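Presented below is the structure to which this report refers.
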Amino acid sequence: MPKLTSEISKAVDSLVKGKLVAFPTETVYGLGGDATNEDAVRRIYKVKGRPTDRPLILHVPDLATVKKLVLNWTSSESKLANSFWPGPLTLVVKNGGLISKSASAGYETIAVRIPSHPFALSMLELFSKTGSGIVAAPSANRFSFVSTTNAEDVEMSLQNYLDKADTIVSSNSQDECKFGLESTIVDCSNDTPTILRVGVIKKSEIESCLGKPVRISKVEGKRQNSPGSSLIHYSPRTAFRMISNSEIKKDLIELCKEGKTFLWCFERPVHIHQNLIVEIAPSCSVEYGRQLYSKLNSLDREQLALILFEEPPKNENWNAICDRLEKAENRLNTKKF
Ligand code: TXA
Ligand code: MG
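Note that the sequence shown covers residues 2 to 338 in our numbering.
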């Protein structure tokens, strides 16, 4: 474990100095800074290229720290926290005012989670002994592009914007982002709790924990974003679209004519073409989710004319994946108008 211990101290050292750390979580890599340090938080927005009106998720090591951040802690929040923390759930709660104004973008609520990844958790525990213990961290990618799940993809995405004193925590098997998709965000401030972003934890799991129905908001982080502006998200630079099984049978060869085309599909297509590269995607949603962003990031470096992913099944297990793929398509859709 010595490598891990020294990487944790290095990461915490950067946080204490007000620098940034790209660190693995069980969902995706986060780009973290001390949430009580205004300058550090401002740099997160700058490095990510994110508009400053979109608040960041706060990562903390334990429930005691969550309670310091929150104005009032309800029974619904308590139930969800007990069931899913540490883990891939983010709760939107009333802001107690402890963190920098930039991290909450001046809103009356904050988004907070306790991650379960061993590196993230140990880093937060050590940082709570030597500093605030509260790390503001969006996903470690340039705004609107594909999230990252390994150190190489973080480097490709952010190296031109980071300083020498910032840290990118290296990937190893212990540091893998085992879910590969972002946390589920739940807002319990109304009578009907609302899922603001579908994620690893499913709607049915939230409902059975709370014992009541919850709704899904159509636009991620809706209250913080102007309508439509967050629709392009998780999106590669290369033209990307989903394709149905019947379109694969009918239109695939026509679509390949534009140039080198990659198809990720669930069964080998009948027709082939010299421009076409085919790979079979995992049929298990958990494995698909784990691979999704690293696949998209590596395909985005391949100089392809078009990336095609076969539409996944329409059931709850694939909900978060379909959400990300639909938003990823929007860069191409927007160009058409
Ligand atoms: O899995 C995750 O949640 C990852 C890892 C690093 O923890 N983080 C992540 O952060 O996905 P980010 O910044 O890429 O997405 C945060 C989302 C944004 O859509 C933002 O609008 C929303 O959380 N958000 C943050 N604070 C909020 C608040 N007070 N109310 C509603 N939405 C909020
Ligand atoms: Mg993100």
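Beta carbons: idealized from backbone N, C-alpha and C, even for Gly.
The model shown is predicted, which means the values in this text are computed figures rather than measured ones.
Residue i to residue j span [Cα, whole Å]
i: threonine 6; j: phenylalanine 120; result: 9 angstroms
i: aspartate 35; j: threonine 26; result: 16 angstroms
i: arginine 43; j: asparagine 246; result: 45 angstroms
i: asparagine 96; j: alanine 106; result: 11 angstroms
i: glutamate 347; j: asparagine 151; result: Not covered by the structure: residue 347. The range shown for the chain is 2 to 338.
i: glutamine 292; j: cysteine 285; result: 11 angstroms
i: valine 71; j: valine 271; result: 56 angstroms
i: glutamate 280; j: aspartate 192; result: 46 angstroms
i: lysine 11; j: serine 129; result: 15 angstroms
i: leucine 326; j: valine 147; result: 10 angstroms
i: threonine 37; j: glutamate 183; result: 23 angstroms
i: proline 194; j: tryptophan 86; result: 18 angstroms
i: lysine 102; j: lysine 47; result: 15 angstroms
i: valine 13; j: leucine 253; result: 50 angstroms
i: glutamate 317; j: glycine 181; result: 17 angstroms
i: lysine 165; j: isoleucine 249; result: 47 angstroms
i: tryptophan 319; j: threonine 75; result: 30 angstroms
i: alanine 282; j: asparagine 161; result: 32 angstroms
i: glutamate 255; j: cysteine 178; result: 37 angstroms
i: leucine 307; j: serine 77; result: 45 angstroms
i: glycine 229; j: glycine 290; result: A caution first: glycine 229 carries a pLDDT of 37, below 50, which makes its placement in the model unreliable, though a value can still be read off. About 25 angstroms.
i: isoleucine 217; j: lysine 251; result: 34 angstroms
i: aspartate 324; j: threonine 66; result: 31 angstroms
i: serine 84; j: valine 17; result: 31 angstroms
i: glycine 88; j: asparagine 173; result: 20 angstroms
i: aspartate 54; j: glutamate 303; result: 33 angstroms
i: glutamine 225; j: tryptophan 265; result: Summary for glutamine 225: the model assigns pLDDT 43, below 50, so the residue's position carries little reliability; its value from the coordinates is reported in the next sentence. Looking at the two C-alpha atoms, the distance is approximately 34 angstroms.
i: alanine 321; j: lysine 219; result: 12 angstroms
i: isoleucine 135; j: serine 79; result: 19 angstroms
i: glycine 200; j: valine 113; result: 15 angstroms
Proximity below 8 angstroms, CB of residue i to CB of residue j
i: glutamate 330; j: phenylalanine 267; result: no
i: valine 94; j: isoleucine 115; result: no
i: isoleucine 45; j: methionine 124; result: no
i: arginine 332; j: isoleucine 233; result: yes
i: tyrosine 235; j: lysine 315; result: no
i: alanine 56; j: tyrosine 108; result: It should be pointed out that residue 56 corresponds to proline in this sequence rather than to alanine. It is a contact, given that the beta carbons lie within the stated cut-off.
Beta-carbon proximity list for residue i, same chain, < 8 angstroms, skipping 5 on both sides
i: leucine 81; result: Leu90, Leu92, Val187, Cys189, Ile207, Cys210 and Leu211
i: serine 171; result: Glu8 and Ala152
i: lysine 69; result: Gly97 and Leu99
i: glycine 260; result: Asn276, Leu305, Ala306 and Leu307
i: serine 15; result: Leu21, Val22, Ala166, Asp167 and Thr168
Residues near residue i in its chain [Cβ-Cβ closer than 6 angstroms; skip 5 each side]
i: tyrosine 30; result: Ala23, Ala141, Thr149 and Val155
i: arginine 269; result: none
i: glycine 50; result: Arg143 and Phe144
i: glutamate 126; result: Pro62
i: cysteine 257; result: His274, Asn276 and Leu277
i: proline 237; result: Val147, Leu297 and Asp301
CB-CB length for residue i against residue j, believed under 8 angstroms
i: glycine 33; j: alanine 137; result: 7 angstroms
i: leucine 305; j: threonine 239; result: 5 angstroms
i: phenylalanine 263; j: leucine 297; result: Contact flag wrong, Cβ pair sits at about 10 angstroms.
i: valine 215; j: isoleucine 202; result: No, valine 215 and isoleucine 202 are not in contact; Cβ-Cβ is about 11 angstroms, not under 8 angstroms.
i: leucine 163; j: leucine 21; result: 7 angstroms
i: isoleucine 100; j: leucine 59; result: 6 angstroms
Own chain, CB closer than 7 angstroms to residue i, minus 5 neighbours either side, in chain order
i: histidine 118; result: Pro25, Thr26 and Glu27
i: serine 133; result: Asp35, Ala36 and Thr37
i: asparagine 73; result: Lys95
i: serine 295; result: Thr150, Asn151 and Asp154
i: isoleucine 169; result: Ala23, Ala152, Val155 and Glu156
i: glycine 19; result: Asp35, Asn38, Asp40 and Ala41
i: serine 205; result: Glu317
i: threonine 131; result: Val13 and Val17
C-beta neighbour in chain D for residue i, strict 8 angstroms
i: serine 105; result: Protein chain content of the structure displayed is limited to a single chain, and chain D is not contained in it.
task: Give, in chain order, every unbroken run of the alpha helix (DSSP H) that is at least 4 residues long and sits entirely within the segment 53–115.
output: 64–70, 76–85 and 102–105
task: Within the segment 174–255, note down every full beta strand (DSSP E) run reaching 3 residues or more, in order along the chain.
output: 185–188, 195–198 and 241–244
Alpha helix (DSSP H) segments (min. 4 residues) lying fully within the segment 21–46: none
- prompt: Which runs of the beta strand (DSSP E), 3 residues or longer, sit entirely within the segment 285–326?
  reply: 307–311
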